[in-house]
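**Student:** Using this note's numbering, read the sequence shown as starting at 30 and increasing by one per residue.
Beta carbons are placed, not taken as given, at the ideal position from N, Cα and C, and that holds for glycine.
These numbers were taken from a predicted model, which means no experiment stands behind them.
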Amino acid sequence: MQNRTMEIGVGLFLLAGILALLLLALRVSGLSPTASTDTYKLYANFDNIAGLTVRAKVTMAGVTIGKVTAIDLDRDNFTARVTLQLEKAVDNLPTDSTASILTAGLLGEKYIGISVGGEDAVLKNGGTIHDTQSSLVLEDLIGKFLLNTVSKDAK
30 MQNRTMEIGV
40 GLFLLAGILA
50 LLLLALRVSG
60 LSPTASTDTY
70 KLYANFDNIA
80 GLTVRAKVTM
90 AGVTIGKVTA
100 IDLDRDNFTA
110 RVTLQLEKAV
120 DNLPTDSTAS
130 ILTAGLLGEK
140 YIGISVGGED
150 AVLKNGGTIH
160 DTQSSLVLED
170 LIGKFLLNTV
180 SKDAK
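1. Name the residue from K86, D105, L44 and I130 whose alpha carbon lies nearest to the alpha carbon of E116.
2. Rounding to the nearest angstrom, what Cα-Cα distance links K96 and M30 in this structure?
3. Around the Cβ of I171, are there at least 16 other Cβ atoms within 10 angstroms (buried) or fewer (exposed)?
4. Would L102 and A73 qualify as a contact pair, given that the criterion is a beta-carbon distance under 8 angstroms?
5. If you draw a straight line from the C-alpha of Y69 to the C-alpha of D120, how long is it?
6. Taking the CB atoms as reference points, tell me whether V145 and L122 lie closer together than 8 angstroms.
7. Could you work out which residue in R56, N154 and A150 is closest to D67 when comparing CA atoms only?
8. If you scan the stretch 61 to 96 from start to end, which runs of the beta strand (DSSP E) of 3 or more residues do you find wholly inside it?
9. Between V39 and V57, what straight-line distance do the alpha-carbon atoms span, to the nearest angstrom?
10. Quick one: is D82 buried, meaning 16 or more other Cβ sit within 10 Å of its Cβ, or exposed?
11. Taking DSSP as the reference, what is the three-state secondary structure of K139?
12. In its own chain, which residues sit with a C-beta less than 8 angstroms from the C-beta of T127, not counting the 5 before and 5 after it?
13. Use the C-beta contact count for I37: other C-beta atoms within 10 angstroms, 16 or more gives buried, fewer gives exposed.
14. So the beta strand (DSSP E) G46 belongs to, where does it begin and stop?
Have a look at this one:
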């Protein structure tokens, strides 16, 4: 009987570990159901969003204030149109705020960082952030460096 009790205890411990790993995976991936708070949408157009994905976080001063909900191609301007869903707590963003695609670490995940402007007018639900900075593509930088090095050697 004591052996059976130990087997049940080990089984329950293993089940709890598997559930904890599953919960951790859901939280990290952004798929976990979170308490739905009041949000509003903003849009931003970028020339290059290389690596940015739906559910990427939106931060301001290092604090997560929202997430990317959609990425589409703007057929009129031939740019990427990113839909941001932000918390109502930050519904006073000035109209001259800047949205930049940043990288966590050297080769980490991409996210959007918002820098606050100084205008008195604020962005409303459905508004667009016009001042954007596209993603920095490491391959482009390496290519420019190599091309520059070859050009100097040819002289």
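**Tutor:** Taking the definition as stated:
1. Among K86, D105, L44 and I130, the Cα nearest to that of E116 is on K86.
2. Near 53 angstroms, if we compare the C-alpha coordinates of M30 and K96.
3. I171 should be labelled exposed.
4. Their beta carbons are not under 8 angstroms apart, which means L102 does not touch A73 by this criterion.
5. Those two C-alpha atoms are separated by around 8 angstroms.
6. Result yes, Cβ atoms of V145 and L122 sit closer than 8 angstroms.
7. Comparing alpha-carbon positions, the option among R56, N154 and A150 lying closest to D67 turns out to be N154.
8. Correct list: 68 to 75 and 86 to 89.
9. Using only the alpha carbons, I get a separation of about 27 angstroms.
10. Here the sequence assigns Thr to residue 82, which means Asp is not the residue at that position. Exposure of T82 is indicated by the presence of fewer than 16 other C-beta atoms within 10 angstroms of its C-beta.
11. If DSSP states are grouped into helix, strand and coil, K139 belongs with the strands.
12. Closer than 8 angstroms at Cβ, skipping near neighbours: I143, S144, G146, I158, D160, T161 and Q162.
13. Exposed is the call here.
14. That residue, G46, is in no beta strand (DSSP E); its alpha helix (DSSP H) goes Q31 to S58.
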